[in-house]
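Take a look at the structure below.
Take a look at the structure:
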């Protein structure tokens, strides 16, 4: 039976995260005043984002994506390629290329399972020659973001459940699959595969990986 | 305090002794010291037990620098090194990794002494394209601190990291295929070494398995090149792999080495060290307990008491921080085979003890260290490799233990692994061993999965992890012993599941283990204890 390697993205394969992407958009608003205001507001919210993320990824999503409310879809799409070239591509961990290469050589399907937005993930997935990906998607009404995410919201257990469904659909054996993440919030995702690996882990995931005897990898 | 004369009267009565290093336990004999991981045991052995001690250290060379220079200027079957050097040539110095010697020796390490001399010589001859590669094969890469200690700050600061680095067997651009032997064994070697005009290999021969063609052919190879000889059938057919003449492992490596020699210009420098592992405060650990002075006894009791009060991690740290006081006893240079032959002779001179007759029960104290856990934990797989691999194979002629005999190992068998150094060992132990202990099945069903696991490859390349396939090699390393030994008993194991997973029995104490062994082999067994460390090999009559 076939197998896959499932990767979280932010912090796992790239140094940047959701906030970096948002900050980039904030900095590149139309109009100087709007750019400055958005950037300052984003910076001021960083401690709040960190606290929310530490507490619960869902809470973080609730208070973070609302910041996109009112953003034009065209503008976000326009900035996506620029964001990739200027911010995301330079922040791909050097080891990420090797890891994906070795994994591909094993015949594993390469799949990104990330809470990042589809707009930002698309060019990166193409660059890394990822076969499949699932992301979060903003809800747009009349071409403008509502600040809500379309279901299913990719975080924590939802990632694991998506992987189960995906594996069933694609006839993959999860016991032979590999999972890579940096964050404790992805514990469910790592728990459903036969070969979980903590990558550049935070303290909580590191401790969990040690307890479960999972490999701990540093791609930085 | 004035030291008393040794109590010679308490010594055992020689019973047709085959060697000075062989002692038979008598009613008046002192109890014997055994390592049990990071602890020391003091055990009364049954009367009649034969204890085989390491030979006393051969006296070290008075002037190692002069001996090294002499070897470089008077090589065997080769031009003197200075005559081989030309300005502008490309030279690679490959050097044994941290698995040798054990424990790491007091500084300056003999490799530092040799390479300092080499670099002077290279510099004087206008050779400035020089790289130093640690020939770690699929072992873990050495840390920067370990590399600095091994060659000293002067060389380290001048060469690290661009020109002094670890071999990377998984570098897709870093290996060159040199050919295939007539037995179908592929020979892949480090690209920098292959593309050099001259490779100078600096070796330390701690056990007779080391050195010779193994240095380049194994030290600088990749997984595909290691597979043909690091496999169960080769190990089963090697009686023993510490005796190169009887070792299929050695035969295969030599065959591959011939291809290396066809394509590469290798100048081999081999060294032999004495077995002065313990000196100063710990010197008593090498002595016959019957000859202990009161001071020795006090030292032992003090050490044992201190260790009993320390947590395991602190004891480990303490032992790993005590360097061995090894001294150079021989250095030869030139063509691989004649150099190796000379060095092997010196090694056997230091290690080999004449032993007459096989034993029914063999007792070995497993110390805190193996070649694969310097600055780390002796995990269960490594306890296994020490017992069934190294200790069982320490013979020439025939095994010390009779076929179907009992090996007793004293070790706590703690279920601890180093996540940075041995990540694949953890999966091997917990996932594979519960399914099977059959080396053939493990090799065919799982070895490649582990070897190609991207996480393990990246941990080997970017961290300090042993290669994903390494736990398999450790298991195969014990294959000869596993086929030969009837029962293994872990005496003093602190849990039941580790011995059970390894297929062993557990005993609370050595006394209980001996009783269990007697019930297995029958009454009046011949019992032998190998009193290592330091290293001792049995020349079986």
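Chains as they are written, first to last, in my numbering: chain B, 1 to 220; chain A, 1001 to 1541.
Built from N, CA and C at the ideal position, the CB exists for glycine as well.
Only a predicted model underlies this, so the values are computations on that prediction, with no experimental measurement involved.
Requested in this report: With a cut-off of 8 angstroms on the beta carbons, I'd call residue 1227 (chain A) and residue 1465 (chain A) a contact; round off their distance for me.
Outcome: To locate residue 1227 (chain A), count along the second chain from 1; it is residue 227. To locate residue 1465 (chain A), count along the second chain from 1; it is residue 465. Incorrect: roughly 19 angstroms between the Cβ atoms, too far for contact.
**Report entry** Short Cβ contact (8 angstroms threshold) for residue 1051 (chain A) with residue 1351 (chain A)
**Finding:** As a position in the second chain, residue 1051 (chain A) is number 51, starting the count at 1. As a position in the second chain, residue 1351 (chain A) is number 351, starting the count at 1. Going by C-beta atoms, residue 1051 (chain A) is not nearer than 8 angstroms to residue 1351 (chain A).
Query - Candidates B:199, B:166 and B:207: closest to residue 99 (chain B) by CA position - result: Locating residue 99 (chain B) in the first chain gives position 99, where the first residue counts as 1. Put simply, of B:199, B:166 and B:207 the residue whose alpha carbon is nearest the alpha carbon of residue 99 (chain B) is B:199.
**Report entry** Nonlocal neighbours in the same chain, by C-beta distance under 7 angstroms from residue 1012 (chain A), ignoring five residues either side
**Finding:** Stepping through the second chain from its first residue, residue 1012 (chain A) is reached at position 12. Confidence at residue 1012 (chain A) is low in this model, with a pLDDT of 46, below 50, so its placement is unreliable and the value that follows should be read with caution. Cβ neighbours of residue 1012 (chain A) beyond the five flanking positions: 1023, 1024, 1025, 1026, 1029 and 1290.
Report task. Note down the Cα distance separating residue 1002 (chain A) from residue 1328 (chain A), rounded to an integer number of angstroms. Result -> By one-based count along the second chain, residue 1002 (chain A) stands at place 2. By one-based count along the second chain, residue 1328 (chain A) stands at place 328. Interpretation of residue 1002 (chain A) is limited by its pLDDT of 46, a score under 50 that renders its predicted location unreliable; no figure is taken from the coordinates.
Query raised in the report: the stretch 1437-1460 of chain A: which residues have C-beta closer than 8 angstroms to a C-beta of chain B, in chain order?
Result: Answer in chain order: 1452, 1453, 1454, 1455, 1456, 1457, 1458 and 1459.
**Report entry** Residues bridged to residue 1032 (chain A) [DSSP beta-bridge criterion]
**Finding:** Taking the first residue of the second chain as 1, we reach residue 1032 (chain A) at position 32. DSSP lists A:1043 as partners of residue 1032 (chain A).
Query raised in the report: With a Cβ-Cβ cutoff of 8 angstroms, do residue 1478 (chain A) and residue 1405 (chain A) count as a contact?
Result: As a first step, residue 1478 (chain A) is located in the second chain; it is residue number 478 there, counting from the start. As a first step, residue 1405 (chain A) is located in the second chain; it is residue number 405 there, counting from the start. Contact flag unset, no.
Query raised in the report: On the three-state DSSP scale, how would you describe residue 1176 (chain A)?
Result: Residue numbering aside, residue 1176 (chain A) sits at position 176 when the second chain is read from its first letter. Residue 1176 (chain A): strand per DSSP, three-state reduction.
Report task. Measure from the C-beta of residue 1188 (chain A) to each C-beta in chain B and report whether the shortest distance is under 8 angstroms. Result -> Residue mapping note: residue 1188 (chain A) aligns to position 188 of the second chain, counting from 1. No, residue 1188 (chain A) does not count as interfacial toward chain B.
Query raised in the report: Taking DSSP as the reference, what is the three-state secondary structure of residue 1012 (chain A)?
Result: Reading the second chain from its first residue, position 12 is the one you call residue 1012 (chain A). Because residue 1012 (chain A) sits at a pLDDT of 46, beneath the cut-off of 50, its placement in the model cannot be relied upon, and the following sentence gives the value as read from the coordinates. Annotated three-state conformation of residue 1012 (chain A) is coil, per DSSP.
Requested in this report: Using beta-carbon positions only, say whether residue 1202 (chain A) and residue 1269 (chain A) come within less than 8 angstroms of one another.
Outcome: Position 202 of the second chain holds residue 1202 (chain A). Position 269 of the second chain holds residue 1269 (chain A). In contact: residue 1202 (chain A) and residue 1269 (chain A) (Cβ atoms closer than 8 angstroms).
Query raised in the report: Between the stretch 117-148 of chain B and chain A, which residues of the former have CB atoms less than 8 angstroms from a CB of the latter, in chain order?
Result: Within the stretch 117-148 of chain B, no residue has a Cβ that lies closer than 8 angstroms to any Cβ of chain A.
Query - residue 135 (chain B) in three-state terms, based on DSSP - result: One-based indexing of the first chain puts residue 135 (chain B) at position 135. If DSSP states are grouped into helix, strand and coil, residue 135 (chain B) belongs with the strands.
Query raised in the report: If you draw a straight line from the alpha carbon of residue 1129 (chain A) to that of residue 1122 (chain A), how long is it in whole angstroms?
Result: Here the question's residue 1129 (chain A) lines up with position 129 in the second chain. Here the question's residue 1122 (chain A) lines up with position 122 in the second chain. Cα to Cα, residue 1129 (chain A) sits roughly 9 angstroms from residue 1122 (chain A).
Query raised in the report: Alpha carbon to alpha carbon, what distance is there between residue 11 (chain B) and residue 111 (chain B)?
Result: Within the first chain, residue 111 (chain B) is the residue found at index 111, counting from 1. Within the first chain, residue 11 (chain B) is the residue found at index 11, counting from 1. Cα-Cα distance, rounded: 16 angstroms.
Requested in this report: Report the residue ranges of all beta strand (DSSP E) runs contained in full by the stretch 1417-1481 of chain A; include only those spanning at least 3 residues, in chain order.
Outcome: As far as the stretch 1417-1481 of chain A is concerned, it has no whole beta strand (DSSP E) run of at least 3 residues.
Query raised in the report: Is residue 1463 (chain A) close to chain B, meaning its C-beta is less than 8 angstroms from at least one C-beta of that chain?
Result: If you number the second chain from 1, residue 1463 (chain A) lands on position 463. The beta carbon of residue 1463 (chain A) sits closer than 8 angstroms to some beta carbon of chain B.
Query - Close-in-space but distant-in-sequence residues of the same chain around residue 1279 (chain A) (CB under 6 angstroms, 5 per side omitted) - result: Counted from its first residue, the second chain places residue 1279 (chain A) at position 279. Take residue 1279 (chain A), set aside five residues on each side of it, and the residues of its chain with a beta-carbon closer than 6 angstroms to its own are 1325, in chain order.
Query raised in the report: My guess is that residue 1131 (chain A) and residue 1194 (chain A) are in contact by the Cβ rule of under 8 angstroms, so how many angstroms apart are they, rounded?
Result: Reading the second chain from its first residue, position 131 is the one you call residue 1131 (chain A). Reading the second chain from its first residue, position 194 is the one you call residue 1194 (chain A). Not quite, the Cβ-Cβ distance comes to about 12 angstroms (not below 8 angstroms), so this is no contact.
**Report entry** Below-8 angstroms beta-carbon distance, residue 215 (chain B) vs any chain A residue
**Finding:** Counted from its first residue, the first chain places residue 215 (chain B) at position 215. Yes, contact with chain A.
Query - Burial state of residue 214 (chain B), where buried means 16 or more other Cβ atoms lie within 10 Å - result: Locating residue 214 (chain B) in the first chain gives position 214, where the first residue counts as 1. Burial call: buried.
**Report entry** Closest by C-alpha distance to residue 1378 (chain A), when choosing among A:1312, A:1358 and A:1073
**Finding:** Your numbering for residue 1378 (chain A) matches position 378 in the second chain. If you compare the alpha carbons of A:1312, A:1358 and A:1073 with that of residue 1378 (chain A), the shortest gap goes to A:1312.
Query - residue 1475 (chain A) versus A:1433, A:1485, A:1490 and A:1460, residue with shortest Cα-Cα distance - result: Taking the second chain and counting its residues from 1, the one referred to as residue 1475 (chain A) is at position 475. The option with the nearest alpha carbon to residue 1475 (chain A) is A:1433.
Query raised in the report: So which residues on chain A does residue 197 (chain B) lean against when the C-beta distance must stay under 8 angstroms?
Result: What you label residue 197 (chain B) is simply residue 197 of the first chain in a count that begins at 1. Result: 1455.
Query raised in the report: Taking the alpha-carbon positions, what's the residue 1004 (chain A) to residue 1256 (chain A) distance?
Result: Counting from one through the second chain, the residue named residue 1004 (chain A) turns up at place 4. Counting from one through the second chain, the residue named residue 1256 (chain A) turns up at place 256. Because the pLDDT of residue 1004 (chain A) is 46, which lies under 50, any placement of that residue in the model is unreliable, and the number read from its coordinates should be weighed accordingly. Looking at the two C-alpha atoms, the distance is approximately 56 angstroms.
Query raised in the report: Looking at chain A, which residues of the stretch 92-119 of chain B have a Cβ within less than 7 angstroms of any of its Cβ atoms?
Result: Answer set for the stretch 92-119 of chain B: 95, 98, 99, 102, 103 and 106.
Query raised in the report: residue 189 (chain B) lies in the alpha helix (DSSP H); which residues open and close that run?
Result: Position 189 of the first chain, counting from 1, holds the residue named residue 189 (chain B). From DSSP, the alpha helix (DSSP H) with residue 189 (chain B) extends over 187-191.
**Report entry** Cβ separation of residue 131 (chain B) and residue 8 (chain B), assumed to be a contact under 8 angstroms, to the nearest whole Å
**Finding:** Within the first chain, the letter at position 131 stands for residue 131 (chain B). Within the first chain, the letter at position 8 stands for residue 8 (chain B). Not really, about 16 angstroms apart at Cβ, beyond 8 angstroms.
Query raised in the report: In whole angstroms, what is the alpha-carbon distance linking residue 1298 (chain A) and residue 1306 (chain A)?
Result: Here residue 1298 (chain A) refers to the residue found at position 298 of the second chain. Here residue 1306 (chain A) refers to the residue found at position 306 of the second chain. Rounded to whole angstroms, residue 1298 (chain A) to residue 1306 (chain A) spans 12 angstroms at the Cα level.
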